[in-house]
């Protein structure tokens, strides 16, 4: 379909406005991380790397980064296992309630974070009666990280079909051997991309984390929220935010490259 010149211009202007609305605030945060004034006055009168040095020597920030990495890694591993199993079950087998289960698997990513957080908090503290801890935080993150793995694996399994797996079974291979030798090599790139997305999603999550982490655990997003309005901490928070953006972008970029290569 050929678009008229006026329509192209209108779409182009709208795209530029949307991109500016998204990325100009990120540029402001990056500039604040080298602003020589601790109060972050504008326009910037001097440039300094002092805040970067302080950020990389801040024990609170470093501990928060370590905690976020641990939670994201644990949630990603659990999501890879559970998401793959769900995708295999729902793509390869027919059973009663299949559509309902598929909806329940992807529902956490569609629900508002605050609803998920409150529900999980009540489930942990009231229904199950366990103390909020690293365990409850990882479980909470798995509930929405599993969706990215499930969606990638389910779509890839649908593209591949069942012929190779059926041939493997006809040749005498069991379920595990068929998965290990036939299915997994063909979907591993999709699982890798889904795992990277899950890691990025978990690393910067704050709403669900606030309701399920407890008072003794501070992830990087929570550390940022706690220090944003403290005196002379704003520039350091800006540095941490820039690092956080970079850490989140890397797995997203790799995932996009893998998906593009698979399509080619």
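Residue numbers (UniProt numbering): 1 to 264. Just so it is clear, CB atoms sit at the ideal spot from N, CA and C, and this is done for glycine as well. Just so it is clear, the structure is predicted and the values come from calculations on it, not from any experiment.
- What residue range is occupied by the uninterrupted alpha helix (DSSP H) comprising residue 133? The residue given as residue 133 occupies position 133 in the chain shown. Where residue 133 is concerned, there is no enclosing alpha helix (DSSP H), given that its DSSP letter is neither H nor E.
- Query: Could you give the residue range of the alpha helix (DSSP H) that holds residue 228?
  - Reply: Along the chain shown, read from residue 1 onward, the residue named residue 228 stands at position 228. Counting along the chain, no alpha helix (DSSP H) covers residue 228, and no H or E run does either.
- Anticipated Cβ contact below 8 Å, residue 143 with residue 124, distance rounded: In the chain shown, counting from the first residue as 1, residue 143 sits at position 143. In the chain shown, counting from the first residue as 1, residue 124 sits at position 124. Approximately 12 Å separates the beta-carbon atoms of residue 143 and residue 124; this is outside 8 Å, ruling out the contact.
- Within 7 Å, strictly: CB atoms of residue 219 and residue 210: Numbered from its first residue, the chain shown carries residue 219 at position 219. Numbered from its first residue, the chain shown carries residue 210 at position 210. Not in contact: residue 219 and residue 210 (Cβ atoms no closer than 7 Å).
- Task: Please confirm if the stretch 44–54 is in contact with the stretch 113–122, defined as three or more CB-CB distances below 8 Å between the two stretches.
- Result: Output reads no: the stretch 113–122 does not touch the stretch 44–54.
- Message: Buried or exposed for residue 94, going by 16 or more other Cβ atoms inside 10 Å?
- Response: Here the question's residue 94 lines up with position 94 in the chain shown. By the neighbour-count rule (16 or more Cβ atoms within 10 Å), residue 94 is not buried but exposed.
- Message: Between residue 154 and residue 87, how many whole angstroms is the CB-CB distance? I'm expecting something under 8 Å.
- Response: Counting from one through the chain shown, the residue named residue 154 turns up at place 154. Counting from one through the chain shown, the residue named residue 87 turns up at place 87. With 8 Å as the limit, residue 154 and residue 87 qualify as a contact, their Cβ atoms being about 4 Å apart.
- Spatial neighbours of residue 138 within its chain, please: CB distance less than 8 Å, with the 5 preceding and 5 following residues excluded, ordered by chain position. Numbered from its first residue, the chain shown carries residue 138 at position 138. If we look at residue 138 and ignore the five residues flanking it on each side, its Cβ neighbours are 71, 74, 75 and 78.
- Test item: CB-CB of residue 102 and residue 90 under 7 Å: Reading the chain shown from its first residue, position 102 is the one you call residue 102. Reading the chain shown from its first residue, position 90 is the one you call residue 90. Going by C-beta atoms, residue 102 is nearer than 7 Å to residue 90.
- Contact under 7 Å by Cβ, residue 194 with residue 226: On the chain shown, residue 194 is found 194 positions in, with the first residue counted as 1. On the chain shown, residue 226 is found 226 positions in, with the first residue counted as 1. No Cβ-Cβ contact shorter than 7 Å links residue 194 with residue 226.
- If you compare alpha carbons, which of 234, 257 and 199 is closest to residue 80? Here residue 80 refers to the residue found at position 80 when the chain shown is read from its first residue. Nearest C-alpha to residue 80: 199.
- Task: Starting from residue 66, follow the alpha helix (DSSP H) in both directions and report where the run begins and ends.
- Result: On the chain shown, position 66 is the one that residue 66 refers to. Residue range 59–92 is occupied by the alpha helix (DSSP H) that includes residue 66.
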